[in-house]
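A quick write-up on the structure given underneath.
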Amino acid sequence: MRLFAIFVALLFLPLVTAISDLSIYSEGHYESQSDAPILVEWFHGTGDEEQLEELVKMDRDGEITLLHWRTGADEEDGGLPEDDAEARMMYHGFNQTPSVAIDGYPENISDIGSEVRTNEVEIEWNIELIGSTEVELLNITATWTNPKALNGATQMHVFIIESEAIDSKGRVVHNLVRDWAPSSTFFFTNNTTNAWNETITRDHLDGAGIDFGDASHANDYEMLLVMIGGFENETSNRVLSIQRAKMPTSWQSVDKGASLTPLLMLIGLMFCIGFVVMAERKREIGLPRLEGSWTSEKGVLEYRIITGYSIDIGELMMGEGWKANGRIKKETVAPNQTHSGTLRVSGEGEFSLQLCVKVEQLGDWILDLNLPEPRTND
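Residues in the sequence shown are numbered from 356 upward in steps of one, following the working numbering.
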């Protein structure tokens with residue numbers, strides 16, 4: 356893992372050296388918003404103009420946080436992005452439009468109402484628009500302390516929306532989602548302070564149809580950081596925090612002469628790589644392994660749970676065609692231990708089972724055990 360980080364850093368050295376003339380066109384620092392209107396994701400469909408007009412008004416009045424996914428953009432032939440919209444639509448399981456999701460869950464269109472909720476995670480964040488002759492990098496950093504342990508499904512979603520996009524046919528589209536990227540490269544443990552970073556390159560921005568130019572009109576776009584997930588022991592996910600701001604412009608921000616040196620860029624790069632390496636190393640050390648083999652007795656297997664961090668054993672689930680004539684006892688297993696036992700099963704075909712465990716500091720996981728069908732002497 357450490358060798359991989361060094362290798363990646365060496366690959367980036369030529370890039371760091373080449374961008375010694377980059378400067379910060381504009382930057383903005385944003386304190387955490389204590390509350391935010393509910394997140395409303397609207398998936399465009401035929402004949403939804405009147406509904407959209409009302410949603411845009413509610414967004415402008417601070418009653419909702421509107422994301423407009425332009426599903427069907429290719430058929431409309433207006434040159435607007437569609438890939439992310441289609442991917443998000445599949446995630447929600449929609450098979451027709453218009454449709455709506457509220458705070459991450461599909462809802463009936465008639466259920467849209469204004470509501471402001473308290474952000475459960477306080478996030479301070481920064482935006483930097485960086486370039487030489489024009490903006491070539493968008494750098495986002497955020498800092499927060501987990502008020503409780505986050506569950507393993509928690510993600511930070513980055514949305515870039517264009518407030519008033521105009522397609523090639525002259526149609527105005529409000530709150531158009533230009534780009535969307537989920538991230539889970541942060542720590543989940545209680546009371547841990549996270550220093551999170553996301554960098555978006557010029558090529559990626561061009562692919563999404565985002566043109567910041569010299570950042571003088573960057574406020575045509577808005578940035579949303581939306582943390583979706585839950586806390587440890589919770590069975591469902593929700594929106595934990597919404598942070599929203601217009602992109603900073605060059606005329607309201609920093610001096611264009613504030614150059615970035617290769618050394619500073621390299622330090623930032625190494626910091627990001629180091630953070631990822633530490634997070635992966637923590638999982639590598641802490642996650643348990645489930646091993647097993649058939650015994651000489653028919654229908655009996657021996658299992659071994661080898662722990663890293665302490666675990667709590669949960670439910671046992673059998674693969675298709677198999678059933679257990681017993682169970683693995685639900686108990687806590689200390690760190691760095693080998694917990695073994697036997698399990699009597701019956702069935703046929705390739706054998707598989709899944710064991711739910713809760714790992715200290717890492718949350719809920721499922722361990723898989725797959726074995727060939729046991730041989731018989733018949």
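Yeah, the Cβ is synthetic: ideal placement off N, Cα and C, and Gly gets one too. Just so you know, these numbers come straight off a predicted model, no measurement behind them.
Considering residue i, what are the terminal residues of the beta strand (DSSP E) in which it resides?
i	result
G486	479-486
K684	Per DSSP, K684 belongs to no beta strand (DSSP E) and is neither H nor E.
R593	593-601
G585	Taken as a continuous stretch (DSSP letters only), G585 belongs to no beta strand (DSSP E), as it is neither H nor E.
Y658	655-661
F514	510-521
E670	666-673
L422	420-424
E646	644-649
Output the distance between the C-alpha atoms of residue i and residue j, rounded to the nearest integer angstrom.
i	j	result
E670	E418	42 Å
N545	P502	6 Å
P392	V471	4 Å
T693	T604	58 Å
E675	E705	9 Å
S614	D558	Only weak support exists for where S614 lies, its pLDDT of 46 falling under 50; the coordinates are left without a value.
S538	H512	6 Å
I516	N588	33 Å
I734	T496	Absent from the model: residue 734. The displayed extent of the chain is 356 to 733, so no value can be given.
V594	R415	20 Å
D390	F514	18 Å
A428	T498	36 Å
How far does the alpha helix (DSSP H) with residue i in it extend, from its first residue to its last?
i	result
D439	438-447
A428	428-431
V411	404-415
D558	557-562
What is the DSSP secondary structure of residue i, counted as helix, strand or coil?
i	result
R638	helix
L394	strand
N574	helix
V528	strand
D466	helix
V744	With the chain represented from 356 up to 733, any question about residue 744 goes unanswered, as that position is not in the structure.
I495	strand
S614	Because the pLDDT of S614 is 46, which lies under 50, any placement of that residue in the model is unreliable, and the number read from its coordinates should be weighed accordingly. S614: strand per DSSP, three-state reduction.
Pull the bridge partners of residue i from the DSSP assignment, please.
i	result
L726	F706
S381	L484
K678	S701
With hydrogens ignored, establish whether the beta-carbon of residue i is closer than 7 Å to any heavy atom of the ligand COA.
i	result
G585	In the structure shown, the ligand COA is absent, as is every other ligand, since no ligand is present at all.
*May I ask you to verify whether the region 648-657 touches the region 695-713, counting CB pairs closer than 8 Å and requiring at least 3?*
Taking 8 Å as the limit for Cβ pairs, the verdict is that the region 695-713 does touch the region 648-657.
*On the three-pair Cβ rule with 8 Å, is the region 660-680 touching the region 628-642?*
The region 660-680 makes contact with the region 628-642; the number of CB pairs closer than 8 Å reaches 3 or more.
*asked:* So, does the region 378-389 touch the region 481-493, judging by three or more C-beta pairs under 8 Å?
replied: Result yes; three or more Cβ-Cβ pairs closer than 8 Å.
*asked:* Contact between the region 505-525 and the region 706-720 is defined here as three or more beta-carbon pairs at a separation below 8 Å; is this criterion met?
replied: Contact between the region 505-525 and the region 706-720 is present, with at least three C-beta pairs closer than 8 Å.
_Does the region 520-527 come into contact with the region 461-479, if we say contact requires no fewer than three beta-carbon pairs (one atom in each stretch) closer than 8 Å?_
The region 520-527 vs the region 461-479: no contact.
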